Amino acid sequence: MLDTAAFKSLPNAPGVGYKAQHFTQIMEHPAPVQWLEVHAENYMGDGGRPLAQLRHLAERFAMSVHGVGLSIGGEGPLDLEHLARLKHLVSWLNPASFSEHLAWSTHDSHFYNDLLPLPYTKATLGRISDHIDQLQEAIDRPMLLENPSSYLAFAESTWSEPEFLAEISNRTGCGLLLDVNNVFVSATNLDFSPQGYIDAFALEKVGEIHLGGHDEDQDEQGRPLLIDSHGHEVVDPVWALLDYTLERSGPKPVLIEWDNDVPEWPVLAAEAERAAFALDNLPQTVAVPA
1 MLDTAAFKSL
11 PNAPGVGYKA
21 QHFTQIMEHP
31 APVQWLEVHA
41 ENYMGDGGRP
51 LAQLRHLAER
61 FAMSVHGVGL
71 SIGGEGPLDL
81 EHLARLKHLV
91 SWLNPASFSE
101 HLAWSTHDSH
111 FYNDLLPLPY
121 TKATLGRISD
131 HIDQLQEAID
141 RPMLLENPSS
151 YLAFAESTWS
161 EPEFLAEISN
171 RTGCGLLLDV
181 NNVFVSATNL
191 DFSPQGYIDA
201 FALEKVGEIH
211 LGGHDEDQDE
221 QGRPLLIDSH
231 GHEVVDPVWA
241 LLDYTLERSG
251 PKPVLIEWDN
261 DVPEWPVLAA
271 EAERAAFALD
281 NLPQTVAVPA
């Protein structure tokens with residue numbers, strides 16, 4: 001295990017999703033970036049340059065590990081081999097945070113590249129809570145559960161998404177990861193108020209906030225359709241929604257995600273600078289939830 005005692009929690013500061021091509025620039029010119037996130041599935045091998053670089057980064061920055069392949073919401077049991085690899089990674093890296101999505105990506109022996117949505121029902125609630133309990137026991141720490149980006153709603157859902165996430169947190173003790181871009185994407189696609197979603201969200205349980213870019217399209221009726229692509233700069237309405245969120249939550253760790261068409265480091269650093277500006281310019285008094 002790395003000695004990361006100085007990084008027991010993420011700072012209320014900007015972070016970025018780490019990409020190997022930025023290693024030298026991050027080490028030499030991190031700008032406002034104080035923490036990094038890596039996708040767990042990229043670091044489950046044995047040795048090699050990626051793990052060596054990760055060890056160097058973890059000595060300097062607080063680290064967050066984000067899982068995308070466990071399929072927390074899947075109908076079947078968790079993949080025990082995948083869970084064992086997660087446990088090994090978390091054990092030696094000792095990150096300040098670990099997170100997964102409220103989604104599923106596997107069925108029987110098939111794995112899907114997309115993070116697929118779920119109905120918010122009593123049965124789904126019980127299954128996901130059981131999976132989170134199993135994961136948290138394996139990695140010996142609480143995790144954060146991320147709200148998804150949605151393109152459809154299930155008629156059988158009996159909970160709103162903020163209520164569903166809050167109830168999972170209450171049952172399992174996990175924290176929540178609030179992706180503000182996902183809120184904006186879902187609100188546009190499903191025609192609800194993003195500010196109303198934030199007002200209903202259990203902000204006191206939030207351990208990280210994420211921001212990313214999205215693609216703009218249209219559905220068959222010509223209505224706006226947003227795709228959570230993580231391939232662009234964060235748009236102004238999402239920055240405004242971040243301000244709205246931080247005014248209610250108080251300062252939080254804020255991550256810039258850029259996973260496709262990854263730009264040169266100065267472009268990503270500029271996004272982190274904008275996140276730093278949002279954090280540095282909060283009102284003197286914020287409406288922190290009880």
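If you're matching positions, the sequence shown starts at 1 in the numbering used here and goes up one per residue.
All C-beta atoms, glycine included, are put in the ideal place defined by N, C-alpha and C.
These numbers were taken from a predicted model, which means no experiment stands behind them.
By the neighbour-count criterion, in which 16 or more other beta carbons inside 10 Å mark a residue as buried, leucine 190 falls on the exposed side. A residue is called buried once 16 or more other Cβ atoms fall within 10 Å of its Cβ, and valine 183 is buried on that count. Partner residues in the beta bridge of glutamine 218, as assigned by DSSP, are Pro224. Bounds of any beta strand (DSSP E) do not take in tryptophan 239; it lies within the alpha helix (DSSP H) bounded by 236-249. Here the alpha carbons of aspartate 228 and aspartate 79 stand approximately 26 angstroms from one another.
Per the Cβ contact rule, the segment 75-95 is in contact with the segment 131-148 (3 or more Cβ pairs under 8 angstroms).
Contact check for glutamate 208 against proline 253 passes: the beta carbons are separated by less than 9 angstroms. Counting other Cβ atoms within 10 Å of its Cβ, aspartate 179 reaches 16 or more and is therefore classed as buried. If you look at glycine 207, you'll find it in the beta strand (DSSP E) that goes 206-212. Serine 169 places its beta carbon 9 angstroms or farther from that of alanine 123. DSSP, read as helix, strand or coil, puts glycine 196 in helix. Looking from the CA of glycine 69, the closest CA among Pro77, His82, Arg60 and Met63 belongs to His82.
In the three-state reduction of the DSSP assignment, isoleucine 26 falls in the helix class, which pools H, G and I. Rounded to whole angstroms, the gap between the alpha carbons of arginine 171 and glycine 76 is 20 angstroms.
Restricting attention to Ser97, Asn12 and Val16, the CA atom closest to the CA of valine 234 is found in Val16. Under the three-pair Cβ rule at 8 angstroms, the segment 237-251 does not count as touching the segment 218-225. Inter-residue distance for histidine 230 and valine 262 is about 9 angstroms (C-alpha atoms, whole angstroms).
Going by DSSP, aspartate 79 is part of no alpha helix (DSSP H) at all; its letter is neither H nor E. DSSP, read as helix, strand or coil, puts isoleucine 256 in strand. Contact between the segment 267-276 and the segment 18-36 is established, with three or more Cβ pairs separated by less than 8 angstroms. Residue pairing from DSSP places tryptophan 35 in a beta bridge opposite Gly15 and Ala62. In its chain, beyond the 5 residues on either side, Ser99, Leu144, Glu146 and Glu208 have a beta carbon closer than 6 angstroms to the beta carbon of leucine 177.
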